[in-house]
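Asks: Quick note, in this note's numbering, the sequence shown goes up one by one and the last residue is 286.
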Amino acid sequence: MLKVNHHEYRIVLDARVTLLDALREYLGFTGTKKGCNFGECGACTVHLDGWRVNACLVLAASAVGCDIITIEGLAGEGDALHPVQQAFIDRDAFQCGFCTPGQIMSAVACIIEDHTRSDAEIREWMSGNICRCAAYPQIVAAVRQAAGN
Ligand code: FES
Ligand code: FES
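1) Inspect the beta-carbon positions of Thr-155 and Cys-193 and report whether they are closer than 8 Å.
2) Let me know if Cys-236 comes out buried or exposed under the rule of 16 or more other beta-carbons within 10 Å of its beta-carbon.
3) Just list the residues that DSSP pairs Trp-188 with in beta bridges.
4) Between the C-alpha atoms of Gly-285 and Ala-152, what's the straight-line distance to the nearest angstrom?
5) Spatial neighbours of Arg-147 within its chain, please: CB distance less than 6 Å, with the 5 preceding and 5 following residues excluded, ordered by chain position.
6) Which residue or residues does DSSP assign as beta-bridge partners of Val-141?
7) Which residues, in chain order, sit with a beta-carbon under 6 Å away from any heavy atom of ligand 1?
8) Mapping the DSSP letters down to three states, classify Leu-196 as helix, strand or coil.
Here it is as structure tokens:
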């Protein structure tokens, strides 16, 4: 049983299946992206019991019993955008958008962790999320906006 975005899903998986593949290939949560599949790009970032993790490095079996939140589960009541999602739009913080779900999930955690007191601190704590389009200045601006700094 995997609990994703507040719903429980009963699925049978090989013990070697990663959380990323379980989300994308078995449950259809394709908002979580597969970039490197080696823990280097951050495109697969999701929240596991409130902590940001690279889903490509987590076995689905080890996530049983955890609260898993993906980009699809971030919007609020009536699909109102999360403030970080809105800030990414306001600050034009993406180009191709492939890295964006991971960036947003990481940014939400970065704000909760209170690592947003300066641009340098944001860059450091968002450094696990790579953007091939190099939208970094806009991403930092979006995080600052959402953090209210
Ligand atoms: Fe997981 Fe790149 S796909 S870190
Ligand atoms: Fe294209 Fe980040 S917006 S990789």
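All C-beta atoms, glycine included, are put in the ideal place defined by N, C-alpha and C.
These numbers were taken from a predicted model, which means no experiment stands behind them.
Replies: For this structure:
1) In the sequence shown, counting from the first residue as 1, residue 155 sits at position 18. In the sequence shown, counting from the first residue as 1, residue 193 sits at position 56. Going by C-beta atoms, Thr-155 is nearer than 8 Å to Cys-193.
2) Position 99 of the sequence shown, counted from the first residue, corresponds to residue 236. Cys-236 should be labelled buried.
3) By 1-based counting over the sequence shown, the position of residue 188 is 51. According to DSSP, which records beta bridges pairwise, Trp-188 is partnered with Leu-185.
4) Counting from 1 along the sequence shown, the entry for residue 285 is found at position 148. Counting from 1 along the sequence shown, the entry for residue 152 is found at position 15. Going by the C-alpha atoms only, they are around 42 Å apart.
5) Position 10 of the sequence shown, counting from 1, holds the residue named residue 147. Excluding sequence positions up to five before and after Arg-147, its CB lies within less than 6 Å of the CB of Met-138, all in the same chain and listed in chain order.
6) Locating residue 141 in the sequence shown gives position 4, counting from the first residue. His-144 and Ile-205.
7) Lys-171, Gly-172, Cys-173, Asn-174, Gly-176, Glu-177, Cys-178, Gly-179, Ala-180, Cys-181, Asn-191 and Cys-193
8) Counting from one through the sequence shown, the residue named residue 196 turns up at place 59. Collapsing the DSSP output to three states places Leu-196 in a strand.
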